[in-house]
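K.L.:
From first to last, the protein sequence lines stand for chains A and B. Per my numbering, residue 1 is the first one in the first sequence, and the count goes up by one each step. Per my numbering, residue 1001 is the first one in the second sequence, and the count goes up by one each step. Don't be surprised by glycine CBs; every beta carbon is placed ideally from N, CA and C. Below is one structure. I have some questions about it.
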Amino acid sequence: KNEVEQSPQNLTAQEGEFITINCSYSVGISALHWLQQHPGGGIVSLFMLSSGKKKHGRLIATINIQEKHSSLHITASHPRDSAVYICAVLNYTSYGKLTFGQGTILTVHP
Amino acid sequence: DAGITQSPRYKITETGRQVTLMCHQTWSHSYMFWYRQDLGHGLRLIYYSAAADITDKGEVPDGYVVSRSKTENFPLTLESATRSQTSVYFCASSGKQGFYQPQHFGDGTRLSIL
Chain A
1 KNEVEQSPQN LTAQEGEFIT INCSYSVGIS ALHWLQQHPG GGIVSLFMLS
51 SGKKKHGRLI ATINIQEKHS SLHITASHPR DSAVYICAVL NYTSYGKLTF
101 GQGTILTVHP
Chain B
1001 DAGITQSPRY KITETGRQVT LMCHQTWSHS YMFWYRQDLG HGLRLIYYSA
1051 AADITDKGEV PDGYVVSRSK TENFPLTLES ATRSQTSVYF CASSGKQGFY
1101 QPQHFGDGTR LSIL
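Structure below.
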């Protein structure tokens, strides 16, 4: 079993819909990252969080340390949100090394 | 411009050849990382460095060599390229003062080994 599991693997939505991507992990962590990768493109860090909730524009990330679970929400989705979203965790003993989920492929249709 | 840059962006080579991928960052970040990204495996750590002259293996280090003589540069060398090393390679850096900070990724190098 992978240390970091994301769901769903693929997600299709219509423009304007509210989207949720989930990430569960099995190790003790000091921080969790959400990353975005557009097709053929580089990787951008969206959030790094260790507790609670963070918001940036239409994106919201939450984490529940006790349940070892994080969610990434996109409100009022837009076709430009189409990308791969990757969850990655920094565990206590990893000295800066991230462990990545497999990614969620999001497609938003106009 | 400030940032993290990788070169080349695309590279085609033959099995057995030596290939070096370059990574340069202008933030004076302490930590630098090399990842490979493959379908079905996601991102996997090859090597990382906590500071100049300090490097350590990641999850998939076999067949790769790194060095870090200067803080800003972290080249990755494939000593004798194999087809299984065909992949997209990403360099990243973080943390002037530690690794509890977001990692900043380069644009990637798409490497094909024939």
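Cα separation between L11 of chain A and G103 of chain A?
P.N.:
In a straight line, the C-alpha of L11 of chain A is about 11 Å away from that of G103 of chain A.
K.L.:
Using a Cβ-Cβ cutoff of 9 Å, what residues of the segment 1082 to 1108 of chain B are near chain A? List them in chain order.
P.N.:
So the list reads F1090, A1092, S1094, G1095, G1098, F1099, Y1100, Q1101, P1102, Q1103, H1104, F1105, G1106, D1107 and G1108, given in the order they occur along the chain.
K.L.:
Quick one, are the C-beta atoms of L59 of chain A and S82 of chain A less than 9 Å apart?
P.N.:
The answer is no: Cβ separation not under 9 Å.
K.L.:
Please state whether the Cβ-Cβ distance between S45 of chain A and L35 of chain A is less than 9 Å.
P.N.:
Against a cut-off of 9 Å, the Cβ pair of L35 of chain A and S45 of chain A comes out as a contact.
K.L.:
Which runs of the beta strand (DSSP E) fall wholly inside the segment 1058 to 1087 of chain B and span at least 3 residues, in chain order?
P.N.:
Those beta strand (DSSP E) runs which fall completely within the segment 1058 to 1087 of chain B and span 3+ residues are 1064 to 1066 and 1076 to 1078.
K.L.:
With C-beta atoms as the reference, is V4 of chain A less than 9 Å away from A88 of chain A?
P.N.:
Yes. Within cutoff.
K.L.:
Taking any Cβ of chain A, which residues in the segment 1030 to 1042 of chain B have a Cβ under 7 Å from it, in chain order?
P.N.:
Those residues of the segment 1030 to 1042 of chain B that come within reach of chain A (Cβ to Cβ, closer than 7 Å) are Y1031 and G1042.
K.L.:
Taking C-alpha atoms, which residue in B:V1088, B:Q1018 and B:V1065 lies nearest to Y1048 of chain B?
P.N.:
It is B:V1065.
K.L.:
According to DSSP, is R1117 of chain B part of a helix, a strand, or is it coil?
P.N.:
The requested residue 1117 of chain B does not occur in the structure, where chain B is confined to residues 1001 to 1114.
K.L.:
So the beta strand (DSSP E) S1112 of chain B belongs to, where does it begin and stop?
P.N.:
Note, S1112 of chain B: beta strand (DSSP E), T1109 to I1113.
K.L.:
Give the single residue among B:L1078, B:L1076 and B:L1111 whose Cα lies nearest to the Cα of T1086 of chain B.
P.N.:
Nearest C-alpha to T1086 of chain B: B:L1111.
K.L.:
With distances taken between CB atoms, is the gap from H109 of chain A to E15 of chain A smaller than 9 Å?
P.N.:
Result yes, Cβ atoms of H109 of chain A and E15 of chain A sit closer than 9 Å.
K.L.:
With a threshold of 8 Å on Cβ separation, who are the neighbours of L153 of chain A within its own chain once the five nearest residues in sequence on each side are excluded?
P.N.:
Absent from the structure is residue 153 of chain A, since the part of chain A shown begins at 1 and ends at 110.
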